[in-house]
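**Student:** Below is one structure. I have some questions about it.
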Amino acid sequence: MIVLGLSVLTAVLTGLYPAAVPSAALAASTAPTASPTAPSGTSASSAVYEAEKATLSRAAVDDRHAGFSGTGFVDYAAVVGSYVEFTVTAASSGSADLVVRYASAAGEDRPLDITVNGAVAAARSPFAPTGAWATWREVTVRATLRAGANKVRLAAATEDGGPNLDRLTVRTTGAPLVTSVTGLRAAIAKAAPGERVVIANGTYAVDGDIPIERRSGITVAAQSVGGVTLTGTGTFTFDRSSQVTVEGFVFRQRSGLTVPAGSTRIKIRRNVFQLTETPTDKINWLTVEGDDAEITGNAFRNKTTHGVFLQVNGAGSTMAQRVAIRRNHFYDHRWTGNGGEAIRLGYGEKGQVPAHAVVEYNLFEKAEGDDETISVKSSDNVIRGNTILGGRRGSLTLRAGDRHTVEGNFIVGGPKGVRVYGEGHTIVNNYIADVGGDGIVLGAGYDAIHQRADDTRLLFNTVVNATGSAIRVQGGANPAKDSLIADNVLVRRSAGDLLRLGGAQKATTSGNMLWDGVAGSGKRDPKLVRDTAGTYRLSAGSPAIDASKGSYPEVGEDMDGQRRVSVPDVGADEFHAEGGGGPLTRADVGPAFH
């Protein structure tokens, strides 16, 4: 029997539900069957099928954009049901990853219905914009192939057609399904490097640990992403393991998951964390203490009790090193006290300990369990490309530690923007709009874990319609020192504070463009306009275009990742007639995105 599953998460996280399989009456043009090519450096269990050799219906081969493999790529016609169909050969039946390489400069998703032998593998898989036609990205769909020939069809789900399609890589796992927690424990215990342990879709009560002890290079996965729900009191426990991936589960247990020190290069991918809690519980849902962990494409949602979604810590006085937190969706944290952050990097007493973590391209919605949505309490971290939307509470806070880079983040709505403590931070290309308080605050020092913001570089940020000041230097006996505030766009609807320096020590300002609707000395209207997504951008003829005063070669891109010209524009947005990416949406993050 062929076992295929629509990812539950595609529906839950994107609001898109199964559509009818494209009609067999669609006329397919005659084309040669795509021939598999063994990709360089891969095992015999992988094969590449070039799109230009597939069967095409209302689609054409093109080669006008760089970066494709083979001799070209396929351009879908703008019509529902246009498709690319591959003939994929499998030596035996079993699960496989269908890895689709595509590009899209469209301003919205180009969803595809993916079927295997006529059965739905993924309905309306989003295929989010990649930013440019020459920027290629991969989307992976899990399916089960039968022995012999299989027809894999990718059909446009909307009248806009599909993205440009480069190739399909098929990676067969050959992994037998386990059907019980006991069987899962046994399979993990004997798994060798390179093996994949797969548990059949269903709901399983976990009473006791599922040990992952002294394992290396294995993957523990649900049969399909979102297809396996774990309940009960137990969970996976790591012990001296490395390069282990846990993928595709829905965690509904009473226990949080921990990656301990001594287990390295652990990947937690494409899972849903929605633990079962009682009102008195204090549970951190995921704790990372091991070096080089990757937390990618997960969803954390619906927490009401004390504790954080994701805590990065370390053994003793240390911090986990080089943790990467990418493309996750943090949704609905409703704790009303202190200690309900979405992400907490360290603790106050570890502020001076370098962590070298990267937190990038995550989406935060209603993550209001603390005044700090992202709370940074260690040193030498990068916070990049994240989007924080609304909520009763929340901010991006450099609470303790030094030498952080905060770049290209979008903070829209909610009470606060960015709060800064510590020394040597670079805060560049951030977009902050419609917050209920101050946009950016450089904090004064007043205790051991609130050190004044010294040597802060605030460059090329845009702050629009903050109820408080756009940028404020906090007053008091020990205010910020040696601040550089340059080439920012600061705008509000009515007269009020835009740049409030207070008692700042040795602050340097240069090239900032301020406008509150009231003409006056030093004010210029940057002529911002809202794009279709509601983001304020420079319009043609804005005086901010090519008007920056400083020379900062390290600022080579804007908030959308678009290249800045030789004389950059003032603010976070470099003017481009075609606009830019803007804040993240649900299609850009979580299990469905990956």
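For the sequence shown, the residue numbers in mature numbering (1 follows the signal peptide of the UniProt record, and there is no 0) are -27 to -1, 1 to 567. Positions of the beta carbon are idealized from the N, C-alpha and C atoms, including for glycine.
I think Ala50 touches Ala32, with their Cβ atoms under 8 angstroms apart; what is that distance to the nearest whole Å?
**Tutor:** Sequence index remark: in the sequence shown, residue 50 carries index 77 (1-based). Sequence index remark: in the sequence shown, residue 32 carries index 59 (1-based). Their Cβ separation, rounded to whole angstroms, is 6 angstroms, which keeps Ala50 and Ala32 in contact under 8 angstroms.
**Student:** Between Gly386 and Val408, is the Cβ-Cβ spacing less than 8 angstroms?
**Tutor:** Looking up residue 386 in the sequence shown gives position 413. Looking up residue 408 in the sequence shown gives position 435. The answer is yes: Cβ separation under 8 angstroms.
**Student:** Could you please give the first and the last residue of the uninterrupted alpha helix (DSSP H) stretch that includes Gly156?
**Tutor:** Locating residue 156 in the sequence shown gives position 183, where the first residue counts as 1. Gly156 -> alpha helix (DSSP H) spans 154 to 163.
**Student:** With DSSP as the reference, label Ala32 as helix, strand or coil.
**Tutor:** Position 59 of the sequence shown, counted from the first residue, corresponds to residue 32. Ala32 falls in the strand class under three-state DSSP.
**Student:** Between Phe383 and Pro556, how many whole angstroms is the CB-CB distance? I'm expecting something under 8 angstroms.
**Tutor:** Reading the sequence shown from its first residue, position 410 is the one you call residue 383. Reading the sequence shown from its first residue, position 583 is the one you call residue 556. Indeed, because the Cβ distance is near 4 angstroms, the residues count as touching under 8 angstroms.
**Student:** Thr176: buried (16+ other C-beta within 10 angstroms of its C-beta) or exposed?
**Tutor:** Here residue 176 corresponds to residue number 203 of the sequence shown, with the count starting at 1. Exposed, by the Cβ-count rule.
**Student:** Since Phe337 is in the beta strand (DSSP E), which residue starts that stretch and which ends it?
**Tutor:** Sequence index remark: in the sequence shown, residue 337 carries index 364 (1-based). That run of the beta strand (DSSP E) goes 336 to 340.
**Student:** Measure the C-alpha to C-alpha separation of Val171 and Val193 and round it to an integer number of angstroms.
**Tutor:** Numbered from 1 along the sequence shown, position 198 holds the residue referred to as residue 171. Numbered from 1 along the sequence shown, position 220 holds the residue referred to as residue 193. For Val171 and Val193, the distance between alpha carbons rounds to 6 angstroms.
**Student:** List, from N- to C-terminal side, the beta strand (DSSP E) runs of 3 residues or more that fit wholly inside the region 74 to 162.
**Tutor:** 85 to 89, 92 to 98, 109 to 118, 121 to 129, 137 to 145, all fully within the region 74 to 162.
**Student:** Locate the beta strand (DSSP E) running through Arg430, then write down its first and last residues.
**Tutor:** For this step, residue 430 is matched to residue 457 along the sequence shown. Taken as a continuous stretch (DSSP letters only), the beta strand (DSSP E) holding Arg430 covers 430 to 432.
**Student:** Please state the DSSP three-state secondary structure of residue 641.
**Tutor:** What the structure shows of the chain is the stretch from -27 to 567, and residue 641 is not part of that stretch, so it cannot be assessed.
**Student:** Can you find the residues in the same chain that come closer than 6 angstroms, C-beta to C-beta, to Gly448, ignoring five residues on each side of it along the sequence?
**Tutor:** The sequence position of residue 448 within the sequence shown is 475, counting from 1. Only Gly475, Gly476 meet the Cβ criterion.
**Student:** Drop a sphere of 10 angstroms on the beta-carbon of Lys255, count the other beta-carbons inside from all chains shown, and report buried for 16 or more, exposed for fewer.
**Tutor:** Translated into positions along the sequence shown, residue 255 becomes position 282. The residue in question, Lys255, is exposed, as its Cβ has fewer than 16 Cβ neighbours within 10 Å.
**Student:** State buried or exposed for Asn311, treating a residue as buried only when at least 16 other CB atoms are found within 10 Å of its CB.
**Tutor:** Sequence index remark: in the sequence shown, residue 311 carries index 338 (1-based). Exposed.
**Student:** Quick one: using the 10 Å Cβ neighbour count with 16 as the cut-off for buried, is Glu527 buried or exposed?
**Tutor:** Start at 1 with the first residue of the sequence shown, and residue 527 comes out as number 554. Exposed is the call here.
**Student:** My parser needs the alpha helix (DSSP H) runs of 4 or more residues fully inside the region 506 to 566; what are they?
**Tutor:** You should have 563 to 566.
**Student:** Distance, Cα to Cα, Tyr75 vs Val112?
**Tutor:** Taking the sequence shown and counting its residues from 1, the one referred to as residue 75 is at position 102. Taking the sequence shown and counting its residues from 1, the one referred to as residue 112 is at position 139. Cα to Cα, the separation comes out at about 8 angstroms.
**Student:** Among residues of its own chain, excluding the 5 on either side of Ser65, which ones have a beta-carbon nearer than 7 angstroms to its beta-carbon?
**Tutor:** Locating residue 65 in the sequence shown gives position 92, where the first residue counts as 1. The answer, listed in chain order, is Ala120.
**Student:** Rounding to the nearest angstrom, what Cα-Cα distance links Asp182 and Leu230 in this structure?
**Tutor:** Counting from one through the sequence shown, the residue named residue 182 turns up at place 209. Counting from one through the sequence shown, the residue named residue 230 turns up at place 257. Roughly 11 angstroms between the two C-alpha positions.
**Student:** For Ser197, which option in Arg110, Ala94, Val261, Gly134 has the closest C-alpha, if you only look at C-alpha atoms?
**Tutor:** Your numbering for residue 197 matches position 224 in the sequence shown. Among Arg110, Ala94, Val261, Gly134, the Cα nearest to that of Ser197 is on Ala94.
**Student:** Under 6 angstroms Cβ to Cβ from Glu168, same chain only, skipping five residues before and after it: list those, please.
**Tutor:** Your numbering for residue 168 matches position 195 in the sequence shown. Only Ile191 meet the Cβ criterion.
**Student:** With a threshold of 16 other CB atoms inside 10 Å of the CB of Lys163, please say whether the residue is buried or exposed.
**Tutor:** Looking up residue 163 in the sequence shown gives position 190. Label assigned to Lys163: exposed.
**Student:** Can you tell me whether Glu186 is buried or exposed? The criterion is at least 16 other CB atoms within 10 Å of its CB, across all chains shown.
**Tutor:** Taking the sequence shown and counting its residues from 1, the one referred to as residue 186 is at position 213. With fewer than 16 other Cβ atoms within 10 Å, it is exposed.
**Student:** Any beta carbon from chain C within less than 8 angstroms of Glu341's own beta carbon?
**Tutor:** The structure shown contains no chain C; it holds only a single protein chain.
**Student:** Give me the Cα-Cα distance between Arg466 and Gly523, rounded to the nearest whole angstrom.
**Tutor:** Locating residue 466 in the sequence shown gives position 493, where the first residue counts as 1. Locating residue 523 in the sequence shown gives position 550, where the first residue counts as 1. Cα to Cα, Arg466 sits roughly 27 angstroms from Gly523.
**Student:** Going by the CB atoms, is the gap between Asp305 and Lys339 shorter than 8 angstroms?
**Tutor:** Here residue 339 corresponds to residue number 366 of the sequence shown, with the count starting at 1. Here residue 305 corresponds to residue number 332 of the sequence shown, with the count starting at 1. Yes, the pair counts as a contact, with Cβ atoms nearer than the cut-off.
**Student:** Give every residue of the same chain whose Cβ lies closer than 8 angstroms to the Cβ of Ala107, excluding the five residues on either side of it in the sequence, and list them in chain order.
**Tutor:** Residue 107 sits at position 134 when you count from the first residue of the sequence shown. Answer for Ala107: His38, Ala39, Gly40, Ala76, listed in chain order.
**Student:** Please state whether DSSP places Ser13 in a helix, a strand or coil.
**Tutor:** As a working mapping, residue 13 is identified with position 40 in the sequence shown. With a pLDDT of 33 at Ser13, under the threshold of 50, the modelled position of that residue is not reliable, and no figure is offered here.
**Student:** Could you check if Thr505 is buried or exposed, using at least 16 other CB atoms within 10 Å of its CB as the buried criterion?
**Tutor:** Looking up residue 505 in the sequence shown gives position 532. It is exposed - the Cβ of Thr505 has fewer than 16 other Cβ atoms within 10 Å.
**Student:** Kindly indicate which three-state DSSP category Gly321 falls into: helix, strand or coil?
**Tutor:** Within the sequence shown, numbered from 1, the residue matching residue 321 stands at position 348. It is helical.
**Student:** What are the residues that DSSP puts in a beta bridge with Pro184?
**Tutor:** Position 211 of the sequence shown holds residue 184. Pro184 pairs with Thr210.
**Student:** For my contact list, Thr145 and Ala24 are in at a C-beta cut-off of 8 angstroms; report their separation, rounded to the angstrom.
**Tutor:** Position 172 of the sequence shown, counting from 1, holds the residue named residue 145. Position 51 of the sequence shown, counting from 1, holds the residue named residue 24. That belief does not hold up - the Cβ atoms of Thr145 and Ala24 are roughly 20 angstroms apart, past 8 angstroms.
**Student:** Alpha carbon to alpha carbon, how far is Gly207 from Gly553? Give it in angstroms, no decimals.
**Tutor:** Locating residue 553 in the sequence shown gives position 580, where the first residue counts as 1. Locating residue 207 in the sequence shown gives position 234, where the first residue counts as 1. Approximately 45 angstroms, taken between the alpha carbons.
**Student:** Name the residue from Ile268, Glu322, Gly342, Asp265 whose alpha carbon lies nearest to the alpha carbon of Gly280.
**Tutor:** In the sequence shown, counting from the first residue as 1, residue 280 sits at position 307. Nearest option by C-alpha distance: Gly342.
**Student:** Under the three-state reduction of DSSP, which class applies to Trp25: helix, strand or coil?
**Tutor:** The sequence position of residue 25 within the sequence shown is 52, counting from 1. The sequence shown places Glu at residue 25, not Trp. Reduced to three states, the DSSP call for Glu25 is helix.
**Student:** Between the Cα of Asp264 and those of Ile241, Met292, Thr277, Gln284, spot the shortest distance and give me the residue it belongs to.
**Tutor:** For this step, residue 264 is matched to residue 291 along the sequence shown. Closest by alpha carbon: Met292.
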